[in-house]
Amino acid sequence: MAKKTTAVSTTASTAAASAEADPTKLHFPFKTILSFAPLIEYANRDIGVQRSSLNSLVSELNERLSAAPRLQEPIEDIAILDQHRESVDWLMSLVFPPAFWDRDYSTAIVPFQPIPFYSTPAFRRTFFEGKNSGVLEAKLDEERIIRMRTISAYVRIARQFFNLAIDAAAESIIIPITHPDRQFLQYYRIGFDMRFVRFVPTRPLPTLTDEQRQQILCNLTDIDTWQAIIPPDLFRIEGFVLVNAVDVSDHELVSALERELVQSNTIVSYEGFQHLQEIIRAYLRRKDLVIGLVAMDGDSMMVLNYGTQHPRHLQTNTCVLNQSFQFNRQDLAGSAIGEALDLFQK
């Protein structure tokens with residue numbers, strides 16, 4: 009049952025240290041810490057009750073945890089996980105089903121922090137290794153993501169502790185990435201599962217006045233308003249977040265193709281046409297595919313653009329109509345374009 013665990017040595021005070029290093033930079037204001045307590049509670053409270061056949065699994069898990077008490081406490085240093093790898097594997101098998109271990113794109117991170125500590129092979133290979141190392145951070149606007157995390161945390165706190173009726177928006181983002189195995193542009197929807205996160209008050213909570221409640225409801229995206237009314241040191245955040253990536257390439261590539269085709273320079277510039285070709289290659293999963301654009305008038309034809317270097321087609325941003333070349337239909341006999349035209353006219 010042992011699996012390779014992705015562990016990153018860090019501490020829960022990462023955000024605070026970052027803020028001290030650069031106080032002008034936006035940072036996540038809450039203290040966050042890795043904890044398996046919400047998952048352990050779930051296992052003992054729900055799993056055995058829902059399916060009695062799994063009681064033995066829960067018993068085995070508790071035996072392993074009794075031999076590794078540090079896993080039942082808040083974990084300041086993620087390097088501890090390497091000392092109890094088998095027990096961690098048992099724990100995480102509750103949320104990372106072994107049957108889907110080699111298929112799913114999933115990872116677990118410290119709450120509201122880009123600190124992964126357990127990942128499936130597919131997720132690790134796609135997002136953490138080789139040329140894609142650090143790709144998640146590179147593809148995302150750091151300040152936007154921190155702002156999104158902060159507001160998300162405050163909304164959950166407001167709902168749970170202050171009875172404010174605020175809808176929690178679905179938390180997902182879409183990023184483009186060149187898949188390391190296929191070498192194609194692919195799009196993944198990154199979703200965040202917060203069920204094993206809990207917000208712990210650090211001291212007695214204030215009672216919000218009607219005016220304060222209204223202020224919050226009228227300024228849901230204003231972090232300064234949130235912090236003025238509900239100081240972040242009132243809470244610490246424990247647990248972990250499950251992150252799942254789903255391939256949505258087909259839908260996103262079609263949308264990207266539509267966006268490219270409405271751009272004025274896509275089909276008349278070499279670079280624009282190259283980008284269009286890359287999108288079509290990714291959609292058709294054909295990395296050597298070459299596309300061309302030909303205008304036809306009877307048997308007379310004119311190549312307007314071509315997706316590879318051509319002796320009479322220089323790499324330039326100038327209008328390709330100035331460099332297009334003409335020929336007759338018979339000149340294309342036996343060529344890829346000629347065969348495509350034959351199929352088109354049948």
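Residues 9 to 354 (this note's numbering) make up the sequence shown, in order. We treat Cβ as the ideally placed atom computed from N, Cα and C, and that holds for glycine.
Residue range of the unbroken alpha helix (DSSP H) whose run includes residue i
{"i": "Q168", "result": "150 to 169"}
{"i": "I48", "result": "45 to 50"}
{"i": "V96", "result": "93 to 100"}
{"i": "P129", "result": "129 to 135"}
Whole-angstrom distance between residue j and residue i, CA atom to CA atom
{"i": "L250", "j": "T210", "result": "25 Å"}
{"i": "G342", "j": "L301", "result": "18 Å"}
{"i": "V256", "j": "R267", "result": "17 Å"}
{"i": "G247", "j": "M202", "result": "9 Å"}
{"i": "V328", "j": "V262", "result": "Because the pLDDT of V328 is 46, which lies under 50, any placement of that residue in the model is unreliable, and the question is left without a value."}
{"i": "Q168", "j": "V270", "result": "46 Å"}
{"i": "Y162", "j": "L297", "result": "49 Å"}
{"i": "F105", "j": "L69", "result": "Correcting the residue identity first, residue 105 is Pro in this sequence and not Phe. Distance between the alpha carbons of P105 and L69: 15 Å."}
{"i": "D175", "j": "D218", "result": "19 Å"}
{"i": "D112", "j": "P122", "result": "19 Å"}
{"i": "G315", "j": "H259", "result": "23 Å"}
{"i": "E150", "j": "F131", "result": "21 Å"}
{"i": "Q80", "j": "N63", "result": "19 Å"}
{"i": "L102", "j": "D241", "result": "32 Å"}
{"i": "F204", "j": "L47", "result": "6 Å"}
{"i": "I86", "j": "Y278", "result": "49 Å"}
{"i": "E49", "j": "L73", "result": "12 Å"}
{"i": "N252", "j": "I299", "result": "34 Å"}
Residue range of the unbroken beta strand (DSSP E) whose run includes residue i
{"i": "I86", "result": "That residue, I86, is in no beta strand (DSSP E); it is neither H nor E in DSSP."}
{"i": "D201", "result": "193 to 201"}
{"i": "V66", "result": "Here V66 belongs to no beta strand (DSSP E); instead the alpha helix (DSSP H) covers 63 to 74."}
{"i": "K39", "result": "39 to 42"}
{"i": "T210", "result": "Counting along the chain, T210 falls outside any beta strand (DSSP E), and DSSP gives it neither H nor E."}
{"i": "P184", "result": "180 to 186"}
{"i": "A116", "result": "113 to 117"}
Residue burial classification, residue i (beta-carbon count within 10 angstroms, cutoff 16)
{"i": "K295", "result": "exposed"}
{"i": "K39", "result": "buried"}
{"i": "R293", "result": "exposed"}
{"i": "M304", "result": "exposed"}
{"i": "L351", "result": "exposed"}
{"i": "A166", "result": "buried"}
{"i": "P214", "result": "exposed"}
{"i": "S308", "result": "exposed"}
{"i": "D5", "result": "In the structure as shown, the chain begins at 9 and stops at 354. Residue 5 is therefore absent and cannot be evaluated."}
{"i": "L225", "result": "exposed"}
{"i": "R157", "result": "buried"}
{"i": "S95", "result": "buried"}
{"i": "R244", "result": "buried"}
{"i": "T134", "result": "buried"}
{"i": "Q338", "result": "exposed"}
{"i": "T229", "result": "exposed"}
{"i": "N313", "result": "buried"}
{"i": "A116", "result": "buried"}
{"i": "S67", "result": "exposed"}
{"i": "P239", "result": "exposed"}
{"i": "A51", "result": "buried"}
{"i": "S114", "result": "buried"}
{"i": "P124", "result": "buried"}
{"i": "P119", "result": "buried"}
{"i": "P37", "result": "buried"}
Sequence-distant residues of its chain with Cβ nearer than 6 Å to residue i (five each side left out)
{"i": "I83", "result": "L42"}
{"i": "L216", "result": "F170"}
{"i": "A264", "result": "I287"}
{"i": "R197", "result": "S180, I182, V254, V256"}
{"i": "M100", "result": "Y126"}
{"i": "L340", "result": "G346"}
{"i": "F172", "result": "Residue identity differs from the one stated: residue 172 is Leu in this sequence, not Phe. For L172, where only same-chain residues beyond five positions count, the Cβ hits under 6 Å are A166."}
{"i": "N330", "result": "Unreliable positioning characterises N330 in this predicted model, as indicated by a pLDDT of 47, which lies under 50. The coordinate reading is nonetheless provided below. Excluding residues within five positions, none has a Cβ falling inside 6 Å."}
{"i": "N336", "result": "D307"}
Cut-off 7 Å between Cβ atoms - residues of its own chain near residue i, not counting five sequence neighbours on either side
{"i": "I88", "result": "R78"}
{"i": "N7", "result": "Absent from the structure is residue 7, since the part of the chain shown begins at 9 and ends at 354."}
{"i": "R221", "result": "L172"}
{"i": "A358", "result": "With the chain covering 9 to 354 only, the question about residue 358 has no answer from this structure."}
Nonlocal neighbours in the same chain, by C-beta distance under 8 Å from residue i, ignoring five residues either side
{"i": "Q194", "result": "P184, I185, T186, H187, D255, S257, A290"}
{"i": "T274", "result": "E268, G280, F281, H283, L284"}
{"i": "E71", "result": "none"}
{"i": "I159", "result": "L228, T229, I231, W234"}
{"i": "I237", "result": "L216, Q220, Q223, I224"}
{"i": "V208", "result": "F243, R244, I245, E246"}
Residue i CB to nearest heavy atom of the ligand GDP below 6 Å
{"i": "N52", "result": "The model depicted lacks the ligand GDP and carries no ligand whatsoever."}
Contained beta strand (DSSP E) runs [length at least 3] in the segment 223 to 249, N- to C-terminal order: Every beta strand (DSSP E) stretch that sits fully inside the segment 223 to 249 and reaches 3 residues is listed by chain position as 243 to 247.
Residue ranges of each alpha helix (DSSP H) within the segment 247 to 327, 4 or longer: Segments of the alpha helix (DSSP H) lying fully in the segment 247 to 327: 257 to 269, 278 to 292.
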